[in-house]
Amino acid sequence: MRIGELAARAGTTTRTLRYYEARGLLSARRDAHGHRTYDEGDLRLLEQIRTLRDFGFGLEETRPFVECLRAGHPEGDTCPASLAVYRRKLAELDALIGELRGVRATVAAHLARAERAVDALAAEALAPGGPEPGCQLGGQGL
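The structure is reproduced here in structure tokens:
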């Protein structure tokens, strides 16, 4: 198949395919007229790259999976190098999840503090001689 057909079937652009070729992730063959030609195996490589990219893998991180498929394995993640990339990605994700949990805890603490302050201001505003209404706090004008 020609580059336009492969791009359409893979849901990408011809520019992306040329970029992947320049990066060594895709190898085009040339027909008698010098046009790039591809086969179903190339489509499979692109599907593997897209799946990994959708998971958040960097383009270079897809290389071991592509090489595994090129070596004739039925799946791109059945080679030791692919497994190593999975392990590194899981470690990165675990670290990121830990960081996000910390950020979440900090935001939750700020929210709790702010809600207590709002409640205190609302109670003060309701007291005789309290401050004049200036903003909406807890659904009440202050």
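full-length UniProt numbering puts the sequence shown at residues 1 to 142.
Idealized CB from N, CA, C, for every residue including glycine.
Practice problem: Could you have a look at residue 78 and say whether DSSP puts it in helix, strand or coil? | Solution: coil
Practice problem: For residue 70, name the three-state secondary structure that DSSP assigns. | Solution: helix
Quiz prompt | Given 8 Å, three or more beta-carbon pairs between the stretch 52–63 and the stretch 80–95 | solution = As far as the Cβ criterion goes, the stretch 52–63 touches the stretch 80–95, which means the pair count is three or higher.
Quiz item: Start and end of the alpha helix (DSSP H) containing residue 7?
Solution: Looking at the DSSP string, the run of the alpha helix (DSSP H) that includes residue 7 is 3–10.
Quiz prompt | Classification of residue 128 by the beta-carbon crowding that lies within 10 angstroms, buried from 16 upward | solution = exposed
Exercise. Tell me whether residue 64 is buried or exposed, calling it buried when 16 or more other Cβ atoms sit within 10 Å of its Cβ.
Key: buried
Quiz item: Do residue 37 and residue 2 have their CB atoms nearer than 9 Å?
Solution: yes
Quiz item: Which residue comes first and which comes last in the alpha helix (DSSP H) that contains residue 25?
Solution: It is not in any alpha helix (DSSP H) - residue 25 carries neither H nor E in the DSSP assignment.
Quiz prompt | Rounded distance between the beta-carbons of residue 45 and residue 17, thought under 8 Å | solution = The Cβ separation is near 10 Å, so there is no contact.
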